[in-house]
Amino acid sequence: MKDPVSYFARRYIAGETREDAVRVAGELNENGISATIDNLGENVRDTIEAMNGLDEYRALLRAINEAGVDSTISLKLTHLGLDQSQPLAIKNVSAILKKAAKYKSFVRVDMESSAYTGAAIECVIELHKEHPNVGIAVQSYLLRSKADIERLIEEGVSVRLVKGAYKEPPDIAFAEKTRVDENYSTLMKELLLHGNNPAFATHDEALIAEAKTFAKENNIAKDAFEFQMLLGVRRKAQLQLAEEGYRIRVYVPYGKEWMAYIMRRFKERKENVWFFIKNIFE
Ligand code: FDA
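Residues 6 to 287, numbered by the numbering used here, are exactly what the sequence shown covers, in order.
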């Protein structure tokens with residue numbers, strides 16, 4: 006019997022080292038696909054672990070630059086000290102943004118559970134005043150996201166729109182999938198019309214088709230926005246978008262701390278349960 010968890014993880018994760026991630030980003034680039042590399046890690050326990058996160062991201066930016074691959078980076082604020090203090094997270098991300106600017110690179114702050122939404126938005130708006138190369142993810146399942154997006158548009162901060170991957174209570178999040186999708190569509194159109202280089206991170210065929218049609222009807226150029234997908238999910242659709250001349254970026258995670266990430270992917274799709282069971286006995 007194989008180790009089922011690590012077998013499942015290999016589909017979604019580049020490997021354990023930054024070299025693995027840079028190699029996978031290069032392979033995507035060969036097919037006209039950009040990357041955003043994420044060093045897996047969240048909710049570090051102390052400032053030393055947060056410093057380790059900072060060091061790894063600096064080394065990652067250097068490795069991306071040396072290899073000449075087309076890749077930005079993605080990070081989580083709790084990987085860089087947000088649980089310890091907001092000023093610590095801002096200080097660490099600010100150092101990463103300086104390094105990224107040196108390489109003309111861009112940093113996307115992932116959105117974590119609702120316990121961090123307000124702090125993440127405040128941190129990124131503050132950071133953006135000095136570092137225009139920072140953007141943030143916003144989740145369409147949260148009731149507050151419409152107001153957050155209006156504010157981020159006003160501040161000129163680039164938004165990655167996602168549906169949301171955490172379990173949230175019904176008083177702050179839409180419980181039905183149709184409402185999450187409807188809100189995604191509304192926020193997507195708002196970002197297409199008024200956003201700064203928005204990214205639509207979804208594998209949902211209907212929403213992707215809607216973005217294409219809406220952009221065409223409103224004379225929005227193909228290079229004014231981008232689609233994003235996760236490594237290991239809908240690979241053919243990724244290639245097709247590139248062939249059609251759309252910008253497409255794939256999220257490439259790496260590192261040893263993959264369990265929380267994999268559990269979120271696992272919950273997203275019932276078929277993954279079968280994939281998992283089948284591979285235990287293969
Ligand atoms: P939906 O869940 O409706 O899926 C549409 C179709 O896509 C499914 O029917 C299936 O075919 C396929 N699919 C989706 N997920 C799959 C999976 N895991 N395995 C196999 N097939 C799958 N979330 C968050 O809370 N904070 C964040 O910062 C980010 N960042 C992020 C970056 C990028 C680049 C992406 C693509 C996604 C995120 N997410 C995220 C995750 C996001 O919130 C969401 O959980 C997943 O993208 C799944 O939702 P979809 O929009 O794909 O739609």
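Ideal placement from N, C-alpha and C gives every residue a C-beta, glycine not left out.
Please find out if some non-hydrogen atom of the ligand FDA comes closer than 7 Å to the beta-carbon of residue 64. The residue given as residue 64 occupies position 59 in the sequence shown. Not so, every heavy atom of the ligand FDA lies at least 7 Å from the Cβ.
Check whether the Cβ of residue 194 lies closer than 7 Å to any heavy atom of the ligand FDA, and answer yes or no. Locating residue 194 in the sequence shown gives position 189, where the first residue counts as 1. No - the ligand FDA has no heavy atom lying nearer than 7 Å to the Cβ of residue 194.
Exposure label - residue 234; buried when at least 16 CB within 10 Å: The residue you call residue 234 lines up with position 229 of the sequence shown. Result: buried.
3 or more residues per run - each beta strand (DSSP E) lying fully within the region 171–250: 204–206, 231–235
Where do the ends of the alpha helix (DSSP H) carrying residue 153 lie? For the purposes of this step, residue 153 is taken as the residue at position 148 of the sequence shown. Run containing residue 153: 150–160, per the alpha helix (DSSP H) assignment.
Around the C-beta of residue 253, are 16 or more other C-beta atoms found within 10 angstroms, so that it is buried, or is it exposed? As a working mapping, residue 253 is identified with position 248 in the sequence shown. By the 10 Å Cβ count, residue 253 comes out buried.
For the ligand FDA, is there any heavy atom lying closer than 7 Å to the beta carbon of residue 115? Your numbering for residue 115 matches position 110 in the sequence shown. Yes; taking the cut-off as 7 Å, the Cβ of residue 115 has a heavy atom of the ligand FDA nearer than that.
Within its chain, find whatever has a CB closer than 7 Å to the CB of residue 243; leave out the 5 residues flanking it on each side and keep chain order. Taking the first residue of the sequence shown as position 1, residue 243 is located at position 238. The residues are 38, 234, 253, 255.
In three-state terms, what does DSSP make of residue 140? The sequence position of residue 140 within the sequence shown is 135, counting from 1. Correct three-state label for residue 140: strand.
Taking buried to mean at least 16 other C-beta atoms within 10 Å of its own C-beta, is residue 108 buried or exposed? Start at 1 with the first residue of the sequence shown, and residue 108 comes out as number 103. That one is exposed.
Among 176, 209, 159, which residue has its Cα nearest to the Cα of residue 195? On the sequence shown, residue 195 is found 190 positions in, with the first residue counted as 1. The residue with the shortest Cα to Cα distance from residue 195 is 159.
Just how far apart, CA to CA, sit residue 110 and residue 188? Translated into positions along the sequence shown, residue 110 becomes position 105. Translated into positions along the sequence shown, residue 188 becomes position 183. Cα to Cα, the separation comes out at about 30 Å.
Please determine whether the Cβ atom of residue 235 lies at a distance below 7 Å from any heavy atom of the ligand FDA. Counting from one through the sequence shown, the residue named residue 235 turns up at place 230. Correct: residue 235 has its Cβ closer than 7 Å to the ligand FDA.
In chain order, what residues of the same chain have a beta carbon less than 8 Å from the beta carbon of residue 257, not counting five sequence neighbours either side? By one-based count along the sequence shown, residue 257 stands at place 252. Same-chain partners within the cutoff: 19, 26, 29, 30, 33, 40, 41, 42, 43, 76, 236.
Quick check: does the Cβ of residue 168 come within less than 7 Å of any heavy atom belonging to the ligand FDA? Along the sequence shown, read from residue 1 onward, the residue named residue 168 stands at position 163. Checking the Cβ of residue 168 against the ligand FDA gives yes.
C-beta atoms of residue 85 and residue 58 nearer than 8 Å: The residue labelled residue 85 in the question sits at position 80 within the sequence shown. The residue labelled residue 58 in the question sits at position 53 within the sequence shown. Yes, the Cβ-Cβ distance between residue 85 and residue 58 is below 8 Å.
Using the three-state DSSP reduction, which class does residue 97 fall into: helix, strand or coil? For the purposes of this step, residue 97 is taken as residue 92 along the sequence shown, with counting starting at 1. Helix, per DSSP.
Using the rule of at least 16 other Cβ atoms within 10 Å of the residue's Cβ for burial, across every protein chain shown, is residue 265 buried or exposed? The residue you call residue 265 lines up with position 260 of the sequence shown. Exposed, because fewer than 16 other Cβ atoms sit within 10 Å of the Cβ of residue 265.
Within 8 Å, strictly: CB atoms of residue 21 and residue 251: Position 16 of the sequence shown holds residue 21. Position 246 of the sequence shown holds residue 251. No, the Cβ-Cβ distance between residue 21 and residue 251 is not below 8 Å.
Where the beta strand (DSSP E) through residue 42 begins and ends: To locate residue 42, count along the sequence shown from 1; it is residue 37. Per DSSP, residue 42 belongs to the beta strand (DSSP E) from 39–44.
I'd like to confirm something about residue 208: is its beta-carbon nearer than 7 Å to some heavy atom of the ligand FDA, or not? Residue mapping note: residue 208 aligns to position 203 of the sequence shown, counting from 1. Within the cutoff, so yes.
Exposure label - residue 207; buried when at least 16 CB within 10 Å: Here residue 207 refers to the residue found at position 202 of the sequence shown. Residue 207 should be labelled buried.
Integer Cβ distance of residue 114 from residue 102, believed to fall under 8 Å: Residue numbering aside, residue 114 sits at position 109 when the sequence shown is read from its first letter. Residue numbering aside, residue 102 sits at position 97 when the sequence shown is read from its first letter. About 10 Å separates the two Cβ atoms, so there is no contact after all.
Can residue 65 and residue 78 be called in contact, C-beta distance under 8 Å? Sequence index remark: in the sequence shown, residue 65 carries index 60 (1-based). Sequence index remark: in the sequence shown, residue 78 carries index 73 (1-based). Contact: yes.
Close Cβ partners of residue 219 (< 7 Å) along its chain, the five nearest in sequence each way excluded: Against the sequence shown, residue 219 aligns to sequence position 214. Counting only Cβ-Cβ distances below 7 Å, and skipping sequence neighbours, we find 194, 197.
Three-state secondary structure (DSSP) of residue 77: The count along the sequence shown starts at 1 and reaches residue 77 at position 72. Strand, per DSSP.
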